[in-house]
Amino acid sequence: MKHIPYGYKIVDGKAEINEENAKQVKMLFTRFLEGDSLATASKSCSLNFTHSQVGRMLGKKEYCGDDFYPEIISTEVFEKVQEERLKRATKLGRLNRVKPILAVEPSTKFNMNPCIEKFADPFEQAEYIYSQIESEAQSDEE
(Lines of atoms letter the chains of each structure in order from A and count residues from 1; the text may use other names and numbers.)
(Lines give C-alpha, C1' and ligand atoms only; values in the text may rest on other atoms or scores of the structure.)
Protein backbone atom coordinates (compact mmCIF):
# COMPACT_ATOMS: atom_id res chain seq x y z
CA MET A 1 0.00 0.00 0.00
CA LYS A 2 1.26 3.44 -0.88
CA HIS A 3 2.01 6.00 1.82
CA ILE A 4 -0.30 9.01 2.04
CA PRO A 5 1.76 12.18 1.52
CA TYR A 6 2.00 14.62 4.42
CA GLY A 7 -0.79 17.19 4.20
CA TYR A 8 -3.51 14.75 3.21
CA LYS A 9 -5.90 12.52 5.08
CA ILE A 10 -8.21 9.78 3.87
CA VAL A 11 -11.91 10.24 4.60
CA ASP A 12 -14.43 7.70 3.29
CA GLY A 13 -11.85 6.31 0.86
CA LYS A 14 -11.02 9.71 -0.65
CA ALA A 15 -8.01 11.92 -0.10
CA GLU A 16 -8.77 15.24 1.52
CA ILE A 17 -6.51 18.11 2.47
CA ASN A 18 -5.52 18.34 6.13
CA GLU A 19 -5.60 22.14 6.32
CA GLU A 20 -3.12 22.51 9.19
CA ASN A 21 -0.53 20.21 7.59
CA ALA A 22 -1.18 21.65 4.12
CA LYS A 23 -0.20 25.11 5.42
CA GLN A 24 3.12 23.63 6.54
CA VAL A 25 3.62 22.00 3.12
CA LYS A 26 2.91 25.30 1.32
CA MET A 27 5.25 27.13 3.67
CA LEU A 28 7.95 24.48 3.10
CA PHE A 29 7.82 24.99 -0.68
CA THR A 30 7.85 28.78 -0.21
CA ARG A 31 10.77 28.77 2.24
CA PHE A 32 12.80 26.51 -0.05
CA LEU A 33 12.23 28.88 -2.98
CA GLU A 34 13.28 31.78 -0.74
CA GLY A 35 16.67 30.12 -0.34
CA ASP A 36 16.40 28.07 2.85
CA SER A 37 18.16 24.73 3.02
CA LEU A 38 16.07 21.59 3.36
CA ALA A 39 16.70 21.34 7.11
CA THR A 40 16.20 25.06 7.75
CA ALA A 41 12.98 25.14 5.74
CA SER A 42 11.72 22.14 7.69
CA LYS A 43 12.46 23.75 11.06
CA SER A 44 10.93 27.08 10.06
CA CYS A 45 7.70 25.24 9.18
CA SER A 46 7.67 23.42 12.54
CA LEU A 47 8.26 20.12 10.77
CA ASN A 48 10.54 17.67 12.53
CA PHE A 49 11.73 15.99 9.33
CA THR A 50 15.20 15.05 8.12
CA HIS A 51 16.62 16.68 5.01
CA SER A 52 16.01 13.47 3.05
CA GLN A 53 12.34 13.39 4.07
CA VAL A 54 11.99 17.05 3.07
CA GLY A 55 13.72 16.33 -0.24
CA ARG A 56 11.24 13.56 -0.98
CA MET A 57 8.34 15.83 -0.02
CA LEU A 58 9.54 18.53 -2.40
CA GLY A 59 9.65 15.94 -5.19
CA LYS A 60 6.12 14.59 -4.72
CA LYS A 61 4.05 15.44 -7.77
CA GLU A 62 0.90 14.51 -5.80
CA TYR A 63 0.98 17.96 -4.17
CA CYS A 64 0.03 19.43 -7.58
CA GLY A 65 -3.15 17.37 -7.53
CA ASP A 66 -4.24 14.41 -9.60
CA ASP A 67 -7.24 12.08 -9.89
CA PHE A 68 -6.94 11.07 -6.23
CA TYR A 69 -5.17 13.92 -4.43
CA PRO A 70 -6.51 17.51 -4.37
CA GLU A 71 -4.07 20.30 -5.17
CA ILE A 72 -2.03 21.83 -2.34
CA ILE A 73 0.79 23.34 -4.44
CA SER A 74 0.36 24.89 -7.88
CA THR A 75 2.15 23.21 -10.76
CA GLU A 76 4.07 26.46 -11.35
CA VAL A 77 5.47 26.49 -7.79
CA PHE A 78 6.26 22.78 -7.99
CA GLU A 79 8.21 23.25 -11.24
CA LYS A 80 10.13 26.21 -9.77
CA VAL A 81 11.10 24.06 -6.78
CA GLN A 82 12.30 21.27 -9.08
CA GLU A 83 14.40 23.75 -11.06
CA GLU A 84 15.87 25.14 -7.83
CA ARG A 85 16.65 21.65 -6.54
CA LEU A 86 18.43 20.80 -9.80
CA LYS A 87 20.31 24.13 -9.74
CA ARG A 88 21.50 23.54 -6.17
CA ALA A 89 22.43 19.92 -6.81
CA THR A 90 24.42 20.92 -9.91
CA LYS A 91 26.21 23.69 -8.03
CA LEU A 92 27.17 21.27 -5.25
CA GLY A 93 28.13 18.49 -7.67
CA ARG A 94 25.49 16.20 -6.22
CA LEU A 95 23.78 15.00 -9.33
CA ASN A 96 23.64 11.29 -8.76
CA ARG A 97 22.62 10.69 -12.30
CA VAL A 98 23.90 7.56 -13.96
CA LYS A 99 26.68 8.54 -16.30
CA PRO A 100 26.78 6.84 -19.68
CA ILE A 101 29.22 3.97 -19.73
CA LEU A 102 31.81 4.44 -22.42
CA ALA A 103 32.21 1.41 -24.61
CA VAL A 104 35.70 0.04 -24.21
CA GLU A 105 36.99 -2.14 -26.97
CA PRO A 106 39.24 -4.83 -25.55
CA SER A 107 42.44 -5.47 -27.40
CA THR A 108 42.01 -8.38 -29.79
CA LYS A 109 45.42 -8.34 -31.45
CA PHE A 110 48.18 -10.18 -29.67
CA ASN A 111 51.71 -11.33 -30.42
CA MET A 112 53.47 -14.18 -28.69
CA ASN A 113 57.20 -14.34 -28.37
CA PRO A 114 58.75 -17.76 -28.90
CA CYS A 115 58.87 -19.90 -25.77
CA ILE A 116 62.50 -20.82 -25.22
CA GLU A 117 62.52 -21.91 -21.61
CA LYS A 118 61.00 -25.15 -20.28
CA PHE A 119 59.94 -25.73 -16.68
CA ALA A 120 59.23 -29.01 -14.88
CA ASP A 121 56.45 -27.40 -12.84
CA PRO A 122 53.37 -26.95 -15.10
CA PHE A 123 52.29 -23.82 -13.19
CA GLU A 124 55.66 -22.15 -13.76
CA GLN A 125 55.52 -23.19 -17.44
CA ALA A 126 52.03 -21.68 -17.82
CA GLU A 127 53.11 -18.47 -16.08
CA TYR A 128 56.13 -18.22 -18.39
CA ILE A 129 54.07 -18.84 -21.53
CA TYR A 130 51.47 -16.21 -20.54
CA SER A 131 54.28 -13.73 -19.86
CA GLN A 132 55.31 -14.07 -23.51
CA ILE A 133 51.97 -12.75 -24.79
CA GLU A 134 52.01 -9.08 -25.78
CA SER A 135 49.05 -6.95 -26.78
CA GLU A 136 49.34 -4.75 -29.85
CA ALA A 137 48.56 -1.11 -29.17
CA GLN A 138 45.42 -0.01 -30.98
CA SER A 139 45.19 3.41 -32.53
CA ASP A 140 42.02 5.49 -32.57
CA GLU A 141 41.89 5.20 -36.36
CA GLU A 142 41.04 1.49 -36.34
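According to UniProt numbering, the sequence shown holds residues 1 to 142 in order. Glycine included, C-beta positions come from ideal geometry on N, C-alpha and C.
Flag this pair as yes or no: are the beta carbons of residue i and residue j separated by less than 9 Å?
| i | j | result |
| --- | --- | --- |
| PRO100 | ILE17 | no |
| PHE68 | ALA15 | yes |
Residue i to residue j, Cα distance in whole Å?
| i | j | result |
| --- | --- | --- |
| GLY13 | CYS64 | 20 Å |
| ALA89 | LYS9 | 32 Å |
| CYS45 | GLU105 | 54 Å |
| ASN48 | SER42 | 7 Å |
| LYS80 | ILE73 | 11 Å |
| ASN111 | LEU58 | 59 Å |
| LYS26 | GLY7 | 9 Å |
| PHE119 | GLN125 | 5 Å |
| ARG56 | PRO5 | 10 Å |
| PRO114 | LEU102 | 35 Å |
| GLU136 | ASP121 | 29 Å |
| HIS51 | ASP36 | 12 Å |
| PHE123 | ILE133 | 16 Å |
| THR40 | LYS91 | 19 Å |
Roughly how far, in whole angstroms, is the beta-carbon of residue i from the beta-carbon of residue j, given that I think they are within contact range, below 8 Å?
| i | j | result |
| --- | --- | --- |
| GLU117 | TYR128 | 6 Å |
| VAL54 | LEU28 | 7 Å |
Since residue i sits in a beta bridge, which residues does DSSP pair it with?
| i | result |
| --- | --- |
| GLU16 | LYS9 |
Can we say the stretch 18-38 touches the stretch 78-86, given the rule of at least three CB pairs closer than 8 Å?
yes
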